[in-house]
Amino acid sequence: MAEKKYKQVTRKDVAEEAGVSVTIVSYVINNNRYVDKEKRIKVEEAIKKLHYKPNSIARALKGKKLNHIVFIADQIVTEHFSLLVSELDKHAYDLGYMISLCSNRNTQQFIDSIISRQYDGVIISSISFDKEYIKQLIAADIPVVLLVNRDYDDIEGAAKIENGLYEGARENVRYLQRKGCKNIIYVDRFSQRKHFSDMSDMRYRGFYEEMKQSGLSEHPEKNFITGCHNEEEVKEKVAEYLKTNKVDAIFGRNDKVACIAMQSAKKMGYKIPEDIKVIGFDNSSLGQYCEPPISSMEIQREQIAKTAIEMLRQMIEEHIIPEKVMYRTKLIERKSTLG
1 MAEKKYKQVT RKDVAEEAGV SVTIVSYVIN NNRYVDKEKR IKVEEAIKKL
51 HYKPNSIARA LKGKKLNHIV FIADQIVTEH FSLLVSELDK HAYDLGYMIS
101 LCSNRNTQQF IDSIISRQYD GVIISSISFD KEYIKQLIAA DIPVVLLVNR
151 DYDDIEGAAK IENGLYEGAR ENVRYLQRKG CKNIIYVDRF SQRKHFSDMS
201 DMRYRGFYEE MKQSGLSEHP EKNFITGCHN EEEVKEKVAE YLKTNKVDAI
251 FGRNDKVACI AMQSAKKMGY KIPEDIKVIG FDNSSLGQYC EPPISSMEIQ
301 REQIAKTAIE MLRQMIEEHI IPEKVMYRTK LIERKSTLG
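Start counting the sequence shown at 1; every next residue gets the next number (full-length UniProt numbering).
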């Protein structure tokens with residue numbers, strides 16, 4: 001027997017049942033505008049019939065918000081997410097909100113739990129979180145901010161922040177090309193849960209399209225090392241690739257992967273950066289203390305965090321969906337590419 005999918009009643013459903021606009025439904029729920037008595041009765045009857053219990057009703061009964069925001073990420077133990085959460089927490093606290101960091105579990109039970117606890121808002125930074133679950137959060141009237149690590153063009157009703165990952169990945173390739181590199185490989189993340197990159201992932205897409213458009217590779221997928229479950233597999237696959245292919249540059253999806261790949265190349269006798277140049281992404285302290293220190297593309301974490309919290313504030317308090325905001329990354333050069 002097929003598992004029954006979660007179906008959250010929305011304000012649109014209430015509006016259709018009552019024969020009024022969604023705006024009228026919002027006015028009745030928030031009790032912040034005059035609504036004709038007959039229309040108000042129809043909306044209240046529709047709410048009762050459909051068992052509609054949005055966050056706003058529960059909070060109105062309590063007379064206050066929860067002031068609690070959830071941040072969902074694929075990997076919560078990385079330095080990048082630790083720094084990002086620190087910035088989110090700082091800006092959220094200034095506005096009276098608390099932040100909880102939560103690893104993406106990608107299950108219906110996980111989504112049901114978030115919806116039932118009636119959090120004020122959700123921020124998502126993930127390449128693997130099921131889009132259907134995102135749509136359920138939105139349908140449940142939970143404000144959602146998406147950090148665009150992947151293609152979200154088909155998601156409506158959420159605020160979006162472009163991290164600059166796509167253009168940053170392209171700039172990494174262009175930078176290596178300016179350094180004289182022609183045989184560049186992209187080393188993907190490693191994941192026990194098989195969360196690997198494809199063309200929906202903005203970093204990999206940027207690499208792929210720049211490699212092709214610049215004429216560096218007709219088939220960039222052949223320059224792609226992926227499918228690794230742990231650090232040892234990354235080392236082994238990089239070493240195996242280097243044995244049979246000419247490589248003069250390594251682009252790691254993040255600094256940790258770049259560092260692992262660099263150590264594998266050094267173990268085989270390659271000199272960094274004389275033989276192979278190495279560049280990462282996220283500008284972590286790990287990359288700074290590798291030997292040699294790794295060049296990296298830095299994400300504007302502070303500005304992104306500040307914007308994400310402000311977007312949620314607007315969605316929670318003003319009931320509007322802000323326009324998409326775009327940020328650019330910044331190239332940080334170190335010894336791994338300067339030879």
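For each residue, glycine too, the CB sits at the ideal point set by N, CA and C.
Note that the coordinates shown come from a computational prediction; the quantities given were computed from them, not determined experimentally.
Flag this pair as yes or no: are the beta carbons of residue i and residue j separated by less than 8 Å?
| i | j | result |
| --- | --- | --- |
| L84 | A305 | yes |
| N172 | N149 | no |
| R205 | R253 | no |
| V288 | H229 | The sequence as given places Gln at residue 288; Val does not occur at that position. No. Outside cutoff. |
| I225 | K237 | yes |
| K42 | G19 | yes |
| K235 | I260 | yes |
| I69 | F129 | no |
| E79 | L331 | no |
| F190 | E233 | yes |
| N183 | K267 | no |
| I111 | I185 | no |
| L137 | I115 | yes |
To the nearest angstrom, report how far apart residue i and residue j are at their CA atoms.
| i | j | result |
| --- | --- | --- |
| residue 375 | L146 | Examination of residue 375 is not possible in this model, given that the chain is present from 1 through 339 alone. |
| R105 | D255 | 24 Å |
| E209 | E16 | 44 Å |
| E38 | S113 | 36 Å |
| Y175 | H319 | 43 Å |
| E291 | E218 | 33 Å |
| T23 | Q108 | 30 Å |
| A265 | C181 | 16 Å |
| S200 | D13 | 32 Å |
| D94 | L88 | 10 Å |
| M211 | R170 | 8 Å |
| G339 | F196 | 31 Å |
| Q177 | V257 | 21 Å |
| K335 | Y327 | 26 Å |
| residue 341 | D151 | The structure shown has nothing for residue 341, since the chain only spans 1 to 339. |
| N283 | V28 | 49 Å |
| E44 | I99 | 33 Å |
| R40 | E167 | 50 Å |
| A92 | F81 | 16 Å |
| H51 | K194 | 39 Å |
| T10 | G96 | 27 Å |
| L61 | Q213 | Because L61 carries a pLDDT of 41, less than 50, the predicted location of this residue cannot be relied on, and no value is offered for it. |
| I57 | K131 | Below a pLDDT of 50, predicted positions are generally treated as unreliable, and I57, at 43, falls in that range; no measurement from the model is reported. |
| S86 | E310 | 15 Å |
| S26 | D198 | 40 Å |
| I316 | Q263 | 47 Å |
| E221 | F207 | 10 Å |
| D36 | I47 | 17 Å |
| Y133 | D141 | 13 Å |
| G227 | V77 | 20 Å |
| G269 | D153 | 45 Å |
| L216 | N223 | 10 Å |
Which one of the options has the shortest CA to CA distance from residue i?
| i | options | result |
| --- | --- | --- |
| T337 | D188, Y241, I272 | I272 |
| N67 | V20, L50, V77, D120 | D120 |
| A308 | K90, D74, D36 | K90 |
| L312 | N245, F190, A158 | A158 |
| Y321 | I155, N283, E167 | The sequence given here places Ile at residue 321; Tyr does not occur at that position. It is I155. |
| Q314 | F81, P143, Q75 | P143 |
| E323 | Y27, N183, I161, L216 | I161 |
| Q118 | A139, D36, S82 | A139 |
| D188 | Q213, E231, G215 | E231 |
| Q300 | Q263, F281, D248 | F281 |
| S103 | P220, A46, Q75 | Q75 |
| Q303 | V278, E317, T329, I279 | T329 |
| V278 | G227, I316, E333, G269 | E333 |
| D248 | P220, K179, I316 | K179 |
Hey, does residue i have any beta-carbon neighbour from chain B nearer than 8 Å?
| i | result |
| --- | --- |
| H51 | Although the question refers to chain B, the structure presented lacks it and comprises just one protein chain. |
Those runs of the alpha helix (DSSP H) which lie wholly inside the region 124-166 and span at least 4 residues: 131-139
Examine the Cβ distances between the region 291-303 and the region 125-139 and report whether three or more of them are shorter than 8 Å. no
Please give the ranges of any alpha helix (DSSP H) in the region 238-305, keeping only runs that are unbroken, at least 4 residues long and fully inside the region. 255-267, 285-289
Mind listing, in chain order, the continuous alpha helix (DSSP H) runs of no fewer than 4 residues lying wholly within the region 176-243? 202-213
Every unbroken alpha helix (DSSP H) inside the region 7-43 [4 residues or more]: 11-18, 22-30
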